[in-house]
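Here the working numbering is used: the first residue of the sequence shown is -2, the next is one more, and so on.
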Amino acid sequence: MLQVREASVVFPTSDGKSVHALDRVSLDIAPASIVVAVGASGCGKSTLLNAIAGFLPLTEGSIRLDGTPVMRPGGDRGVVFQKDTLLPWASVLDNVALGLRYQGVGKRERAERARELLCMVGLADFGDKPPYELSGGMRQRVGIARALATDPKILLMDEPFGALDSLTRETMQQLLASVWAQTGKQVLFITHSIEEALLLGTTIIVMSPRPGRIVARFEADFVHDFARADDIGPIVSAPRFVELREEIRALIHHPPVSRHGALQ
């Protein structure tokens, strides 16, 4: 269980003022769940993810993973960014195995684990290739495999499909749903897309503009159908899907006033 309690982040600025990016946010992410944070730019989504990753200290509040305070980056949290951060001089296989190498895992074992994950993300035949020979979507598959290699407790994904074309994005969304169904990992996923949030999230949190607060929470189960769907048309046209999409859109454009960052 990942627990965020009354988390606030305030950034100092060069003019001596400050930016209140996150305001008293409280959130639980249970095992085998995908929590998707959606909202307009500047609502604190990425700030929240970076704090959970250990990249950014909280000004107030706390973050705990299985009861242990999160103070710095660690192998118990895998991160996938919008832009891939693969090493261009290393093979795809070595990129996937990078975290295992730093953990001291032997060469044969880390190669076997990397090959298993490349099979899972549909890149079994590309282990010897350099990343620059792969498409953008394929490189993001490598990034997902690398994040999973160390068997983290939670996968943190900051708009990982935002730069992809619509067809590749849909393929990657379904890949993530399938990987989640196979691994049961808990996931925090950041997006600007309401439809993506509904397709992937077991829980969707809606965040308000700065200072970032959680103003609404929705439970959904479309991801289970999406993981095994041949056609997403029936999913996105289902009355409940359309109803939630419009409700979330209204909240983003006209967020309710909230005194606290706790879930409403």
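Beta carbons are placed, not taken as given, at the ideal position from N, Cα and C, and that holds for glycine.
Here residue 61 has 0 as same chain residues with Cβ atoms under 6 Å from its own Cβ, once five neighbours each way along the sequence are excluded. Within the same chain, Cβ atoms closer than 7 Å to the Cβ of residue 39 are found at 206, 207, the five residues on either side in sequence being excluded. Residue 143 and residue 137 have their C-alpha atoms roughly 10 Å apart. For residue 80, the closest of 164, 59, 52, 159 by C-alpha to C-alpha distance is 159. For residue 100, there is no enclosing alpha helix (DSSP H), as DSSP marks it with neither H nor E.
Contact between the segment 65 to 80 and the segment 236 to 250 is absent, with fewer than three C-beta pairs closer than 8 Å.
Of 23, 55, 248, 167, the smallest CA-CA separation from residue 9 is found for 55. The C-beta of residue 82 has fewer than 16 other C-beta atoms within 10 Å across all chains shown, which makes the residue exposed.
Per DSSP, the beta bridge partners of residue 216 are 200. Shown here for residue 127: same chain residues with a beta carbon closer than 8 Å to its own, the five before and five after excluded, namely 85, 86, 87, 88, 89 in chain order.
The Cβ atoms of residue 146 and residue 114 lie closer than 9 Å to each other. With a threshold of 16 other beta carbon atoms within 10 Å, residue 179 falls short and is exposed. For residue 166 and residue 189, the gap between their C-alpha atoms comes out near 13 Å. Excluding sequence positions up to five before and after residue 149, its CB lies within less than 8 Å of the CB of 72, 73, 74, 75, 182, all in the same chain and listed in chain order. A distance of 9 Å or more separates the beta carbons of residue 168 and residue 31. In this chain, residue 56 is not harboured by any beta strand (DSSP E), its DSSP state being neither H nor E. Sixteen is the threshold: since fewer than 16 other Cβ atoms of the shown chains lie within 10 Å of the Cβ of residue 216, the residue is exposed.
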